[in-house]
Amino acid sequence: MDPKCGPVLLLLLVLNGCIAQHVFLDSQRASQVLTRSRRANTLFEEVKPGNLERECVEEICDHEEAREVFEQTDKTEKFWTKYLDCKGTQMSRTQNNINIVRQCIEGSSTLQNQKASCRRTSVETLTSAQRDPGVSPKIPQFRRSPAGSLPVASEAFVPPTVAPEQIKTGVCLPNYGIDYIGDLSVTLGGHACMKWASPEAKKLSVDKEFIPEVLLDGNKCRNPDNDPEGPWCYVRVSGNVTVDYCDLDVCEDLLIDLNEETADRERSVLGPTRKTFYQPRTFGQGETACGERPLFEKINKLDSKESELLESYAAKRIVGGDDAEVASAPWQVMLYKRSPQELLCGASLISDQWILTAAHCILYPPWNKNFTASDILVRLGKHNRAQFERGIEKIVAIDEIIVHPKYNWKVNLNRDIALLHLRRPVVFTDQIHPICLPSKKVAKTLMTSGFKGRVTGWGNLKETWNPSARNLPTVLQQIHLPIVDPDICRASTNVKTTDNMFCAGFKPDDAVRGDACEGDSGGPFVMKYPADNRWYQMGIVSWGEGCDRDGKYGFYTHLFRMGRWMRKAIESTDDE
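Numbers -20 to -1, 1 to 556, taken from mature numbering (1 follows the signal peptide of the UniProt record, and there is no 0), label the letters of the sequence shown in order.
So this is what it looks like as structure tokens:
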């Protein structure tokens, strides 16, 4: 060893001993230093924080990716509701937005920077507002089963949050978003879009009348078929490929302003042969024979009341209505609850395989409504409400329910529509026959203020919450109601109306009265098209404020506007 190094080593040993005395503390002092206040775990800390931060905060995740993190359905759904409220699927991942999403999910802040906030509603607000029909100007009163009961406040299911106001990224998309070329690739339901060039997407796109100018690049949200609902894409849900829409604002368009250039893409309703809108492989049979009743049009016979409709073209839920003639509404369907057995809603037959009804008949959480296919039966060919009509009516189970993905039960029942698939096809008879669905030409002709439509159902004969027998009809009821100008509809209610709805009913100074009422929900609003002598369903009984009240009208789902979604939803069930 170099003699010069000795003093240096000695000095280092002395310094090390001095430093060690200040680094190592006794156990009592160490405990005081390490003590920290405890706090409740946030949603992040209850599961795998690293995975959640990486998958859903730093990047945009879909529902399946969230489930992989949480591994339990209840925790996944709790997180996903919060994630959507915090706009986790929409906000681009800048460092500032990452912090906003993280803080919103943890509950330490709201989206005030984005001009929206995560809001919470109380069970008292929802239940008390709907306990008395028509009292609340904020929440619509939907048509209720006459035998149904209202939940008490302590038992009602209320979702953890109410959707915040939409974050506006700019003006609404014109032309239904046909020209949209943005990068959004996650749907409203939180599912990642599939690539348009994937084998599954290509298979479902066969024979579709896509607009050539719409470039289907990657897996981006697009609107190649001019769907009024706006940009959409194919998604995989629970192993099945289906369609979902993207959360983009589309400008509302009045029916009279629809682009005439697309008229040739619509189904023809005239001539010796009918060009069909749906594929028989998935839709079933009945489209070519629809709307012609075997005991009336097929034998050139008018029913006793239809001249009133035709006269309204040339120039009564059902309160104030009349008994319908036997087999005059062969498309009328009764949705029947298995247990306890009771009338649930009205519905309509659109083919030998598919039933159409209102979404709120199936799903309305504030009243604990969330029926599955096993909860419901459909009864077809019925005329008498309570009596089993042996040899005439058919009772069929359903095996699938499809609710519109943009159905808004929280605010105004927008897009109040659901499709039910029959477990086995039904055989058409004199009393069981499908209704036609409207083309653009039919809709533009018939959807005119003052033109009357027919509503049928077994609902209450007057507004009441008492399900006594004297208020329920013995047989199917019908009433003719005039379509009301959209401006008058909007002015009649404080509920936000949309172009996916129309309203009908009599004005206070009209000599005639009538309306639809509780129990008629989901039933059809039909009109006869003189040009081809067929009946078309133009609407679905949806909601109203009371029954037959002065200055109030019944609101209906605008069925023509749902046509593109219906076709995609039905064709996505093709498993061949």
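C-beta atoms are modelled at their ideal positions from N, C-alpha and C, and glycine is treated no differently.
Predicted, not measured: the structure shown is a model, and the values here were computed from it.
My output table needs one value for residue i: the three-state DSSP class, helix, strand or coil.
{"i": "Glu380", "result": "strand"}
{"i": "His2", "result": "Low confidence applies to His2: its pLDDT is 48, below 50, so where it sits in the model is not reliable enough to give any reading."}
{"i": "Cys469", "result": "helix"}
{"i": "Val37", "result": "helix"}
{"i": "Lys349", "result": "strand"}
{"i": "Asn77", "result": "helix"}
{"i": "Gly371", "result": "coil"}
{"i": "Trp334", "result": "strand"}
{"i": "Ala46", "result": "helix"}
{"i": "Gly534", "result": "strand"}
{"i": "residue 596", "result": "A question about residue 596 goes unanswered here, because the residues of the chain that appear run from -20 up to 556."}
{"i": "Tyr258", "result": "coil"}
{"i": "Gln321", "result": "coil"}
{"i": "Leu393", "result": "coil"}
{"i": "Ser552", "result": "coil"}
{"i": "Ser328", "result": "strand"}
{"i": "Tyr63", "result": "helix"}
{"i": "Ala339", "result": "helix"}
{"i": "Asp355", "result": "helix"}
{"i": "Lys58", "result": "helix"}
{"i": "Lys388", "result": "Here residue 388 is Asn; the residue named in the question, Lys, does not match the sequence. Strand at Asn388."}
{"i": "residue 557", "result": "This structure does not reach residue 557, given that the chain is present from -20 up to 556, and the question cannot be answered."}
{"i": "Arg365", "result": "coil"}
{"i": "Phe263", "result": "helix"}
{"i": "Gln457", "result": "strand"}
{"i": "Gln83", "result": "helix"}
Which residues in the same chain have their Cβ closer than 6 Å to the Cβ of residue i, if we skip the five residues on either side of it in sequence?
{"i": "Ser550", "result": "The residue asked about is misnamed: residue 550 is Ile in this sequence, not Ser. Closer than 6 Å at Cβ, skipping near neighbours: Thr262 and Phe263."}
{"i": "Lys548", "result": "Val223"}
{"i": "Arg82", "result": "Val37"}
{"i": "Lys285", "result": "none"}
{"i": "Glu180", "result": "Val221"}
{"i": "Phe351", "result": "Ile342"}
{"i": "Pro414", "result": "Gly266, Cys270, Trp311, Leu329, Ile330 and Ser331"}
{"i": "Asp207", "result": "Arg544"}
{"i": "Asn394", "result": "Asn388, Thr478 and Asn480"}
{"i": "Ser552", "result": "Thr222 and Val223"}
What residues in its chain sit with their C-beta under 7 Å from that of residue i, if we drop five residues either side in the sequence?
{"i": "Ile375", "result": "Leu357 and Arg359"}
{"i": "Lys432", "result": "Glu288, Leu289, Ser292, His460, Leu461 and Pro462"}
{"i": "Lys188", "result": "Asp205"}
{"i": "Pro385", "result": "Leu168, Gly169, Asp224 and Tyr225"}
{"i": "Tyr258", "result": "Glu267, Arg547 and Ile550"}
{"i": "Tyr156", "result": "Asn203, Asn206, Asp207, Pro208, Gly210 and Val230"}
Give me, in chain order, the residues of the same chain whose beta-carbon lies closer than 8 Å to that of residue i; leave out the 5 immediate sequence neighbours on both sides.
{"i": "Thr74", "result": "none"}
{"i": "Glu57", "result": "none"}
{"i": "Arg47", "result": "Thr53 and Thr56"}
{"i": "Arg514", "result": "Val249, Cys270, Gly271, Glu272, Glu277, Cys416 and Lys508"}
With a cut-off of 8 Å on the beta carbons, I'd call residue i and residue j a contact; round off their distance for me.
{"i": "Gly170", "j": "Asp283", "result": "Their Cβ separation, rounded to whole angstroms, is 48 Å, which puts Gly170 and Asp283 out of contact at 8 Å."}
{"i": "Val383", "j": "Ala339", "result": "5 Å"}
{"i": "Gly439", "j": "Asp500", "result": "4 Å"}
{"i": "Ile158", "j": "Asn203", "result": "5 Å"}
{"i": "Lys420", "j": "Phe540", "result": "7 Å"}
{"i": "Leu153", "j": "Asp229", "result": "6 Å"}
{"i": "Val435", "j": "Gln458", "result": "7 Å"}
{"i": "Gln70", "j": "Asp227", "result": "6 Å"}
Under 7 Å: does the beta carbon of residue i sit that close to some heavy atom of the ligand NAD?
{"i": "Ala549", "result": "The ligand NAD is not part of this structure, which contains no ligands at all."}
3 or more residues per run - each beta strand (DSSP E) lying fully within the region 398 to 455: 398 to 402 and 432 to 437
Is the region 468 to 476 close to the region 302 to 318, with three or more CB pairs under 8 Å? no
Sequence ranges, alpha helix (DSSP H) only - wholly within the region 148 to 230, length at least 4: 179 to 185
Would you be able to state if there are at least three C-beta pairs under 8 Å between the region 312 to 324 and the region 402 to 410? no
Assess, as a yes-or-no matter, whether the region 210 to 226 is touched by the region 152 to 162 under the definition of 3 or more beta carbon pairs within less than 8 Å. yes
With three or more C-beta pairs closer than 8 Å as the rule, is the region 509 to 521 touching the region 171 to 188? With contact defined as three or more Cβ pairs closer than 8 Å, the region 171 to 188 and the region 509 to 521 are not in contact.
Check whether the region 331 to 346 and the region 380 to 395 touch, using three or more Cβ-Cβ pairs below 8 Å as the test. yes
Are three or more beta carbon pairs between the region 471 to 487 and the region 525 to 539 nearer than 8 Å? yes
If you scan the region 268 to 298 from start to end, which runs of the alpha helix (DSSP H) of 4 or more residues do you find wholly inside it? 286 to 294
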